[in-house]
Each structure stands twice: as C-alpha cells, then as structure tokens.
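For reference, the structure is listed below as structure tokens.
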Amino acid sequence: MRVDDTIIDFSLVRRLVAAQFPRWADLPVVPVRSAGTANAMFRLGADLAVRLPRIAGAAQDVDKEHTWLPRLAPRLPVPVPVPLVKGAPGEGYPWGWSVYRWLDGENPRPHLAAAPGTGQEALARDLAAFAAALHRADPAGGPPSYRSEPLAERDAVTRAALAELRDVVDVVDTGAATAVWEAALAAPPWPGPPVWIHADLQPGNVLTSGGRLSAVIDFGCLGLGDPAVDLIAAWYLLPATARPVFRTALAADGAAWARGRGWALSVALLELRAYRETNPVMAAVARHVVRELLATSS
-5 MRVDDTIIDF
5 SLVRRLVAAQ
15 FPRWADLPVV
25 PVRSAGTANA
35 MFRLGADLAV
45 RLPRIAGAAQ
55 DVDKEHTWLP
65 RLAPRLPVPV
75 PVPLVKGAPG
85 EGYPWGWSVY
95 RWLDGENPRP
105 HLAAAPGTGQ
115 EALARDLAAF
125 AAALHRADPA
135 GGPPSYRSEP
145 LAERDAVTRA
155 ALAELRDVVD
165 VVDTGAATAV
175 WEAALAAPPW
185 PGPPVWIHAD
195 LQPGNVLTSG
205 GRLSAVIDFG
215 CLGLGDPAVD
225 LIAAWYLLPA
235 TARPVFRTAL
245 AADGAAWARG
255 RGWALSVALL
265 ELRAYRETNP
275 VMAAVARHVV
285 RELLATSS
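One point on numbering: in our numbering, the residue at position 188 of the sequence shown is 182, and numbering is uninterrupted.
Shown next, in the form of structure tokens:
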C-alpha cells in the first residue's frame, strides 16, 4: 500500500506512533487483513488499533469521525470505534490518522454461504436496533452523508454500470435489474427531514459474535440522509428469511423498502464494476447482493 511515495506498512505505523505517542512506542504493530479500499488498519498491542487513510476521500473523514462518533456512540446499542487520539501527518505520510480501541468480532460472510441462508433473525433485530437508534439521534449540525443524494441523481451512473456489466457478469439479469431500479425511482421520496445514517452497512463494516451484531466499525459514509439507505443491510448482511424481521423492526413501508432495494442495487452494481478485476472480496459481495435482489420481488 502506498500514498504518493510513502509505503503504508507496520514500519511507518511504528515510526508515527513513536514520534507522536511515545507511551505506545513499544507496543507491537501487526497489519489487519482487510478487503477495504479506503483505509489501512493495524493492531497496536492487544487493545488498540491504528487506522490510516489510503485515499484523499478517506482522509477527509478523519475530522468527521473525531467530531461525531464520540457524540453518537452513547446513543447506539453496540460499540463503535470512538477515536482515542488523532495523529498528524509525518514520516512522509500526508494526512491525519487515528488510534482507536480494538473491537473484537468477525466480519459476517453471507456471500460465502454454500446454500441459501436461514435463521439470523437475532442479527436482523440487532441491525434494526442499531439503525433505528442512529436515525433517532439529534441531527443538528450534522454533515450530509456520502450517500445523501436522491436516487434519481444516481440514475445515469447506475444505468451505465448495468450496461457495462451486461456482457461481463452473468449474474446481472438486465431486465430484472432495470425493473428493480425503476420501481425504486418511482417510489415516493422520504417525506421527513434528513436523519443520521450509516449508509454503508455491509460485511466489511460490521462485526458479529455468536450470530449477533457486536460492533459497527466503519463510518466513512456517515452523515444525514434518507433512512432508507440503511436498508441495504437487508441484502448485504441478511438471508431472505430474516429480511421480514428487519423490515418489521424498522417499520419500513413499501416506499422505503423500494428505495432501499434501489440503493442496494445501485451500490452493488457500482462496486461490481469497480472491483470485479481488482478486489475479489468486494466483487463477490456485490455479486451476492445483486443475486439476492433479483431472486425475490421484495
């Protein structure tokens, strides 16, 4: 991993920590394997984690997370990565970075299921409780989410991704996908003011333990928007059998559910187009989501 001419590795992390937070200088540094594309993560000792942006867009999120996660964390039912300290550019690395408490758990892997998933109603309730609590948080002063735009503003890029993938990926039934997308565009918009949304509830951004949600760990898309964006969790994280539990717990009406399906489809198509040759894990998750969306009418 590189930023400009700087290699992002354990040696860089060790130098940054020693220079700026010498109390942790003797702790071991170990890279964390991840399919994420925006940040590099390293364990620092047994209880800490260092997170360094890999791209300029992620670097812009550092201040947002330091400002808002400490305020939102007490209102959420599961742990989130509240920053302990913010590091400064140095050692050739150009951006701010963060140290957090390490949160235990595993990323769910619904895209690797050998057969259609069953159960997971408890996880569905946990995800709904998290989303509902976040949506209730006071939005005063909050920034717009990375995914705050109306679905109609994604029409051109979504159709372009679908057209590009038509002859490349056999999982995309163009007619069925277009029908899902057009139903989402036709759905009534969110009638209320923007609320806090996570906007990226997918496997790499949550942790589970014993089949339950144990933490939500990536808030790069955090901000204000349509709560239907968080319904993407229904297809990214849950089997079809658990989706009704999730939908009921969030009291998502037909319009919200249609918009949620549209968001899930658009995000998955754009991820599949971007990562099908460069990031096998992200591409596999996106393929799984498209299959799930097109396998049922809801």
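Each residue gets a CB set at the ideal place from its N, CA and C atoms; glycine is no exception.
Just so you know, these numbers come straight off a predicted model, no measurement behind them.
query: Buried versus exposed call for ILE191 [16 or more other C-beta atoms within 10 Å across all chains shown]; result: buried
query: Where the alpha helix (DSSP H) through TRP184 begins and ends; result: It is not in any alpha helix (DSSP H) - TRP184 carries neither H nor E in the DSSP assignment.
query: Residue span of the beta strand (DSSP E) that contains ALA34, given as start and end; result: 33 to 38
query: Beta carbon of ALA146 nearer than 8 Å to that of LEU179; result: yes
query: Simplified DSSP assignment, three categories, for SER5; result: helix
query: Burial state of PRO197 (16 or more Cβ within 10 Å); result: buried
query: Rounded Cβ spacing between VAL166 and VAL24 (contact assumed at less than 8 Å); result: Contact doesn't hold; Cβ gap of about 38 Å is too wide.
query: CA-to-CA distance, ASP55 to MET276, given in whole angstroms; result: 21 Å
query: Status (buried if at least 16 other CB within 10 Å, exposed otherwise) for GLY169; result: exposed
query: Option nearest PRO77 by Cα separation, candidates ARG119, LEU263, LEU42, PRO71; result: LEU42
query: VAL79 (DSSP reduced to helix, strand or coil); result: strand
query: Three-state class that DSSP yields for ILE211 in the structure shown; result: coil
query: Identity of the residues DSSP links to SER92 by a beta bridge; result: ARG45, LYS80
query: Short Cβ contact (8 Å threshold) for PRO137 with LEU231; result: no
query: The stretch 239 to 247 / the stretch 201 to 220 touching (three or more Cβ pairs under 8 Å); result: no
query: Nearest neighbour of LEU266, chosen from GLY113, LEU156, ALA116 [CA to CA]; result: LEU156
query: Stretch-stretch touch, CB-based, cutoff 8 Å, three pairs: the stretch 126 to 136 with the stretch 62 to 76; result: yes
query: Contacting residues, own chain, Cβ-Cβ under 7 Å from PRO274 (five flanking each side not counted); result: none
query: Per-residue burial, SER92 [other beta carbons within 10 Å of its own, 16 or more giving buried]; result: buried
query: Residue environment, LEU217, which counts as buried when at least 16 other CB atoms sit within 10 Å; result: This sequence places Gly at residue 217; Leu is not what is there. So GLY217 ends up on the buried side.
query: Where PRO68 falls: helix, strand or coil (DSSP); result: helix
query: Coil, strand or helix - LEU195 by DSSP; result: coil
query: LEU70 vs LEU201 beta-carbon contact at 8 Å; result: no
query: PRO144 versus PRO183: straight-line alpha-carbon distance, rounded; result: 8 Å
query: Distance CB(VAL7)-CB(VAL44) smaller than 8 Å; result: yes
query: Beta-carbon gap between VAL174 and GLY256 smaller than 8 Å; result: yes
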